[in-house]
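Okay, structure first, notes after.
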Amino acid sequence: MSVTELAPAASGIDPERQRTRRAARRRNTRAALLFLSPWIIGFLVFTAWPIGYSAYLSLTDYDVINDPSFIGFDNYVQLIEDPKIALALWNTFIFTVLQVPLYVIVSIALAVLLNQAGRRSSGFFRTVFFLPKMTPPVAVGVLFLLLFNGQNGLINHVLGWFGINGPAWTTDPAWVKPGLAIMSLWTVGGSVIILLAALRAVPNQLYESARIDGANFWQQTTKITVPMISPTIFFIVVVNTIAAFQTFDEAYTAFFGSGNTTYSNDAALFYVIYLFQQAFQFLHMGYASAMAWLLFVVIMAVTAIQLWVSRRVVYYEADVR
33 MSVTELAPAA SGIDPERQRT RRAARRRNTR AALLFLSPWI IGFLVFTAWP
83 IGYSAYLSLT DYDVINDPSF IGFDNYVQLI EDPKIALALW NTFIFTVLQV
133 PLYVIVSIAL AVLLNQAGRR SSGFFRTVFF LPKMTPPVAV GVLFLLLFNG
183 QNGLINHVLG WFGINGPAWT TDPAWVKPGL AIMSLWTVGG SVIILLAALR
233 AVPNQLYESA RIDGANFWQQ TTKITVPMIS PTIFFIVVVN TIAAFQTFDE
283 AYTAFFGSGN TTYSNDAALF YVIYLFQQAF QFLHMGYASA MAWLLFVVIM
333 AVTAIQLWVS RRVVYYEADV R
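No gaps in the numbering here: position 102 of the sequence shown is 134 in our numbering, and each next residue is one more.
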């Protein structure tokens, strides 16, 4: 008898049981792959293939009508030479810097207020805050023009009650991006619900100890609440940063969808809007694909920086155990 035949017996393991276990693992693997196959097929067809094909198109001159012709890295060289690329990236960056902190601060404030409310009223206001997120973005873009009209808009009308002369939100380039950032708060409800769930998970013992030590509401919020929900805040910051870099619907509807040609268009020319114009108005599909890959690199770089910063500012309870 060989050594390999003696090994199972020496170790006390039944060879037949080993074969049964291997067969069971194979059956479980096949069953898992069978259940996952719809997602795998969908991912390959609708995600992996378009990503790979867009990488190829970024190296071609393609106008949809004619076959793609390979031109190497000419599209990427054109990205450096196109002045509107720098303008669109700058507009998108400024909008992101304005929108993300404002969005997060308002989300935290509303979530803290909801957490202080009673269970019944909290449920009602959760629904009220979330409902606007169901509003189509195109409708929000039209609403932006109505609310932020510099002459007879509701926002300036309310500011006038306090003796404040409101700016020309939709025509003054300096106020276009702040107005759109404020308008984006319309969909803050989703983040509020996520933050509220995180707040409910903070141990009450921490607040009780802080109150015994004489901490007021502001001290409890800054020293206990914010650190304890910092992973959730970080998640919202990352997700909304990515969304801000890809903003399109509201700005396009308000400033480009109706054929608006006022000078404020340059202030609202976000990167994805310019990408859309190149792809579907000018049919520069190859150039638009290169733009998409540039945006992907920018978002990955910004996200990597955020992950690096999070190691120093985000508190994970598991790290101290």
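Here a beta-carbon is modelled for each residue, glycine too, at the ideal position from N, C-alpha and C. Because the structure is a prediction, the values reported are computed rather than measured.
Using beta-carbon positions only, say whether tyrosine 241 and valine 345 come within less than 8 Å of one another.
In the sequence shown, counting from the first residue as 1, residue 241 sits at position 209. In the sequence shown, counting from the first residue as 1, residue 345 sits at position 313. The sequence given here has serine at residue 241, not tyrosine. In this structure, valine 345 does not lie closer than 8 Å to serine 241 by Cβ.
What does the alpha-carbon distance come out to for the pair tyrosine 108 and methionine 323?
Position 76 of the sequence shown, counting from 1, holds the residue named residue 108. Position 291 of the sequence shown, counting from 1, holds the residue named residue 323. Roughly 8 Å separates the two Cα atoms.
For methionine 166, does the count of other Cβ atoms within 10 angstroms reach 16, so buried, or fall short, so exposed?
Along the sequence shown, one-based indexing puts residue 166 at 134. Per the 10 Å Cβ criterion, exposed.
Around the C-beta of isoleucine 137, are 16 or more other C-beta atoms found within 10 angstroms, so that it is buried, or is it exposed?
Counting from 1 along the sequence shown, the entry for residue 137 is found at position 105. When all chains shown are included, isoleucine 137 counts as exposed.
Is it buried or exposed, threonine 300, if we count other Cβ atoms within 10 angstroms and call 16 or more buried?
Residue mapping note: residue 300 aligns to position 268 of the sequence shown, counting from 1. The residue asked about is misnamed: residue 300 is alanine in this sequence, not threonine. Under this definition alanine 300 is a buried residue.
DSSP state of serine 101, grouped into three classes?
By 1-based counting over the sequence shown, the position of residue 101 is 69. Three-state result, serine 101: strand.
Do you know whose CA, among Val224, Leu339, Leu212 and Asp95, lies nearest phenylalanine 314's CA?
Within the sequence shown, the letter at position 282 stands for residue 314. Of the listed residues, the one whose Cα sits closest to phenylalanine 314 is Asp95.
Indicate whether leucine 179 and glycine 185 have their beta-carbon atoms separated by less than 8 Å.
For the purposes of this step, residue 179 is taken as residue 147 along the sequence shown, with counting starting at 1. For the purposes of this step, residue 185 is taken as residue 153 along the sequence shown, with counting starting at 1. Going by C-beta atoms, leucine 179 is nearer than 8 Å to glycine 185.
Measuring straight from C-alpha to C-alpha, what distance separates aspartate 99 and methionine 317?
On the sequence shown, residue 99 is found 67 positions in, with the first residue counted as 1. On the sequence shown, residue 317 is found 285 positions in, with the first residue counted as 1. Aspartate 99 and methionine 317: Cα-Cα distance of roughly 11 Å.
So what does DSSP say about aspartate 298, is it helix, strand or coil?
Within the sequence shown, the letter at position 266 stands for residue 298. It is helical.
What three-state label does DSSP hand aspartate 106 in the structure shown?
Within the sequence shown, numbered from 1, the residue matching residue 106 stands at position 74. DSSP places aspartate 106 in helix when its eight states are reduced to three.
Assigned exposure category for threonine 159 - 16 Cβ within 10 Å defines buried
Your numbering for residue 159 matches position 127 in the sequence shown. So threonine 159 ends up on the exposed side.
Report all residues from its chain with a CB closer than 8 Å to the CB of tyrosine 305; omit the five preceding and five following residues, and keep chain order.
Residue 305 sits at position 273 when you count from the first residue of the sequence shown. Reading off the sequence, residue 305 comes out as isoleucine, not tyrosine. Contacts found: Ala120, Phe280, Ala283, Tyr284 and Phe288.
Inter-residue Cα distance where the pair is valine 271 and threonine 52
Position 239 of the sequence shown, counted from the first residue, corresponds to residue 271. Position 20 of the sequence shown, counted from the first residue, corresponds to residue 52. Taking the straight line joining both Cα atoms gives about 46 Å.
Hey, out of Pro82, Phe312, Gln110 and Leu177, whose CA is closest to methionine 215's CA?
Translated into the one-based positions of the sequence shown, residue 215 becomes position 183. That would be Leu177, whose Cα lies nearest to the Cα of methionine 215.
Could you check the C-alpha separation between leucine 339 and valine 170 for me, to the nearest Å?
Indexing the sequence shown from 1 puts residue 339 at position 307. Indexing the sequence shown from 1 puts residue 170 at position 138. Taking the straight line from one Cα to the other gives about 33 Å.
Name the one or two DSSP bridge partners that threonine 279 has.
As a working mapping, residue 279 is identified with position 247 in the sequence shown. Bridge partners of threonine 279: none, in fact.
May I ask you to verify whether the segment 221-231 touches the segment 187-195, counting CB pairs closer than 8 Å and requiring at least 3?
no
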